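Same order as they appear, the protein sequences are chains A and B.
Numbered per the numbering used here, the first sequence spans residues 1 to 361.
Numbered per the numbering used here, the second sequence spans residues 1001 to 1378.
The C-beta atom is built at its ideal place from N, Cα and C for all residues, glycine as well.
Here the structure is a predicted model, which is why all the values come from computation and not from measurement.
One structure is given below, encoded as structure tokens.
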Amino acid sequence: MKLTGSQIFWTLSTVEVVMAVWLRVSPAIETAKQDAWMSMIIAGAIGLAITYLVMHVSLLHPGETLTQFSRKLLGGWIGRIVILPYFVAWLLLSGDVLRSFADFIHLTILDRTPIWILMVMIMALAVYLTGFSGITGIGRFCELAGPVTFIALILTFLLNITNTKLHHILPIASDTSWQEVFKASLSPASFFGESFMLLVLLAFISSNKKIYVKTLSSIAFTAIMVMLATVMVLLVFGPYVGMELRFSYFMLVRSINILNFIQNVDVLVIFIWIFGVFAKISLYLFITSYEMAQWLQVKNWKKLLWFCAPAIFIIALLIPNEETIIVLQKLWERIVIPVCAISIPLILWMMTVMKRKLAEH
Amino acid sequence: MKKILLIFCLMLLSASSTGCWNLKEPNQRAFIIGVGIDMTEDKELEISSEIAVPAGLGSSQVTGAGKKNTFTVVSAKGKDFMDAGQHMQAELSRSLFYAHRQTILIGQHMAEEGVDRYLDMVVRNPKSEIRSVVLVVKGGTAKEVIKAEPTFDPFISTTLGSQQNALGMKPYYFRMLLCDAYSEGTQPIVPAITADPARGYVYTGSAILNKDHGLKLVGFLDPEESMYDNWMMGKQKKLTFTTQIGKENKMISLAVQSLKHRTHIKMVKNKPQIYISLHGTGSIVENNSPLDPSKDDDLKTIQTRLSQEAEEKVRKLVDKAQHQYKIDIFGIGEHVHRQHPEVWKTLKPHWHETFPELPITVSVHLRYRDPGQTNSSL
């Protein structure tokens, strides 16, 4: 199983942009008002820093995934315990994504379809893709779905130009303090920081050539897209309406009205959004199953699909309401990112450096 | 074995992904194309929906015995929007469908009571349409207007947006009402319409809603006043000026195409001074005076006279806003917020008291681009 550089680029950006554009714009506007776009830039910078760190750690151990090198560095037992938070984080995240997706489809299109059917359908597809082709299939899928997603995003921004009013975004940096702008950047940053999955993914790259540029530019590209979405929501709705909308980007798409002719493009956007959600769930299904197989030292990682897929499904099913989804997002921001994306990679990095120093002497 | 399993899976997916159980045929739907919100005498909410009758549409035969109405109006009282919808459903054999609503009409009584309570459904309900235009019915109920038969289109609700376009305004969509209602300092100025037994419905200017007071109706502006107000707010695309000119008081008309507006706030000793300047260029479309626009002197006279006249009217409007309605209908608060955000923080809480005292200077500059096809008047 191999991934090319451009597959890494598209995989990262596709899976990151879908949820960030959908869920992070309104909360950022709520805190930072019309300066929310600056928060997105800060969030992008934080995301880049995290990505750089995990890439650096991962590339010190070429061809090895997180579980493999952490066991090598920290020994069998500690190496295993350190991986546990990752499993929890990835399973919870996939469950959360699956549930948000199903809730949204239920709300907008299929209101008489039970939520669990929607979830079973997307899970079945994800198991199919992951089981048959592993990471290569996911990478190829993202290479196709990614550009479509981004073209659709840019198109919806362009079609909304007639609805924009510049004064909604003014005055810049005066109604909100820098603390608020910074505070608003933390939750989108936690979404960009999702890139700690690279600890696993980078083991599959076909060549190291320009891999730093490709990966970092992917995060930067995603952050720019989310920033543009924020700018557009602000320009069309203004900060006070924008913060009240649950899915502000979706409302933005629904406002499109060109010459009374181009309207109701929301259905198209939902389809494209499903691509991204599907890619994301498949990717996490793969990562969790593969790592769990390494952890248990099972030869065939595909066997673990039959544990991870039901686990994700049950987590999604057990989420009782919107409140829990918000709690999970807070958990992600306050605990998962500091632990899984910053502390553990830092420890692993230090261990690597120390071991190599010792070996030299 | 694997293949059979795969085929089975594919069949299951294709059967389920068509979403047939979620299917609703168009002939099971009652398409709401316009809605009127009224408040009855005994303070009850009354919703009137204009529903398309597809059987009356398709055929191009205007005469003939089989001619059906293109729409029907159903009204019902209720505790809120959807409760009334429930009551309306009792009269219909097809289920109500909100996604094609083109127009929201607000009756005068309703507007006086304040409409902020009923804004939520339009956005929250995922089956609702947010691209509807909003109008206030002056001196009547929304129910009367929505029943009117329009000249060109089969339904009144589709015509109201195009009428605003034809009048040179940008259509006022629900989204804009929402943005204004939640803005820092822009009062919603909603186009107004009135029911006329002889002519069906007529555009009658705009209604001023007070966003700081439950979106209650403050008063109306007549069509000319709303034209100037829209100009200042950037909502007008074109307009025609007519004024008396020369010794004989003959008429001259200028059709202005590109309208520009600028509001400058100058802070003098922490007190804002407002300078509004309006620019427009257009062509002379009618000239009954002896003046010849191709001559430089006459042209100057024409331009100055037109600008003066417009300036006078804007000044009157400003005076009306400051002393009669005592409400900032020009979005000046928003300009202060943008240009002097720090000062706005202290001004905002008592902007309603500050506004009538503000020194507002208006200047209008009208220029001609095209004298028309004749030199002096024929």
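Just the Cα atoms here: how many angstroms apart are residue 1223(B) and residue 1204(B)?
6 Å
Between which two residues does the alpha helix (DSSP H) holding residue 133(A) run?
Segment 115-159, the alpha helix (DSSP H) holding residue 133(A).
What residues from the region 1149-1175 of chain B come within 7 Å of chain A, judged by C-beta to C-beta, listed N to C?
Listed in chain order, the positions of the region 1149-1175 of chain B with a beta carbon within less than 7 Å of a beta carbon of chain A are 1175.
Counting only the same chain and skipping the five closest in sequence on each side, list residues whose C-beta sits under 7 Å from that of residue 143(A).
Only 6, 7 and 10 meet the Cβ criterion.
Are the region 24-36 of chain A and the region 231-244 of chain A touching by the rule of at least three beta carbon pairs closer than 8 Å?
yes
List the residues of chain A that residue 1379(B) touches, going by C-beta distances under 7 Å, in chain order.
Only positions 1001 to 1378 of chain B appear in this structure, which leaves residue 1379(B) out of reach.
Mapping the DSSP letters down to three states, classify residue 12(A) as helix, strand or coil.
helix
Identify every residue that forms a DSSP beta bridge with residue 1191(B).
1206(B)
Less than 7 Å between the beta carbons of residue 1329(B) and residue 1208(B), yes or no?
yes
List the residues of chain B whose Cβ lies closer than 7 Å to the Cβ of residue 257(A), in chain order.
1131
Which class does residue 1366(B) belong to by DSSP, given the choice of helix, strand or coil?
Correct three-state label for residue 1366(B): strand.
Are the Cβ atoms of residue 1089(B) and residue 1096(B) separated by less than 7 Å?
Yes, these two residues count as a Cβ contact at 7 Å.
Closest to residue 240(A) by CA distance: which of 214(A), 100(A) and 36(A) is it?
36(A)
Please identify the residue among 1113(B), 1134(B), 1317(B) and 1049(B) whose C-alpha is closest to the C-alpha of residue 1098(B).
1049(B)
Starting from residue 284(A), trace the alpha helix (DSSP H) both ways and give me its first and last residue.
266-296
Quick check on the DSSP output: the alpha helix (DSSP H) that includes residue 226(A) runs from which residue to which?
Note, residue 226(A): alpha helix (DSSP H), 211-242.
Going by the CB atoms, is the gap between residue 287(A) and residue 200(A) shorter than 7 Å?
yes
What's the C-alpha gap between residue 153(A) and residue 216(A)?
20 Å
Chain B partners of residue 263(A), CB-CB under 8 Å?
1131
Give the list of continuous beta strand (DSSP E) stretches no shorter than 3 residues that lie fully inside the region 326-355 of chain A.
List check, beta strand (DSSP E) in window: nothing returned.
Kindly list, in the order they appear in chain A, the residues whose Cβ is closer than 8 Å to that of residue 1334(B).
167
Is the Cβ of residue 238(A) closer than 7 Å to any Cβ of chain B?
Answer yes: the Cβ-Cβ gap between residue 238(A) and chain B drops below 7 Å somewhere.
Which residue's Cα is closest to the Cα of residue 1191(B): 1075(B), 1221(B), 1053(B) and 1314(B)?
The candidate whose alpha carbon is nearest that of residue 1191(B) is 1221(B).
Using only alpha-carbon positions, find the residue among 1262(B), 1027(B), 1195(B) and 1073(B) that is nearest to residue 1145(B).
In this structure, 1195(B) is the residue among 1262(B), 1027(B), 1195(B) and 1073(B) with its C-alpha nearest to the C-alpha of residue 1145(B).
Kindly examine the ligand FMN and report whether one of its heavy atoms sits closer than 6 Å to the Cβ of residue 196(A).
Looking for the ligand FMN in the displayed structure turns up nothing, as the structure carries no ligands at all.
Can you check whether the CB of residue 1116(B) is closer than 7 Å to the CB of residue 1215(B)?
Yes; because the gap between Cβ atoms is below 7 Å, this pair is in contact.
Taking only the alpha-carbon atoms, compute the straight-line gap between residue 352(A) and residue 198(A) and give it to the nearest angstrom.
17 Å
By the criterion of Cβ-Cβ separation under 9 Å, what are the contact partners of residue 99(A) in chain B?
Proximity of chain B to residue 99(A) at the Cβ level (cut-off 9 Å) is not reached, the minimal Cβ distance being about 17 Å.
Per DSSP, residue 1272(B) forms a beta bridge with which residues?
1267(B)
By DSSP, does residue 206(A) sit in helix, in strand, or in coil?
coil
Could you spell out where the beta strand (DSSP E) holding residue 303(A) opens and where it closes?
Counting along the chain, residue 303(A) falls outside any beta strand (DSSP E), and DSSP gives it neither H nor E.
Determine, using beta carbons only, whether residue 1245(B) and residue 1289(B) come nearer to each other than 7 Å.
yes
Look up residue 1147(B) in the DSSP assignment and say whether it is helix, strand or coil.
coil
Using a Cβ cut-off of 7 Å, pull out every chain A residue sitting near residue 1178(B), in sequence order please.
What residue 1178(B) touches in chain A: 241.
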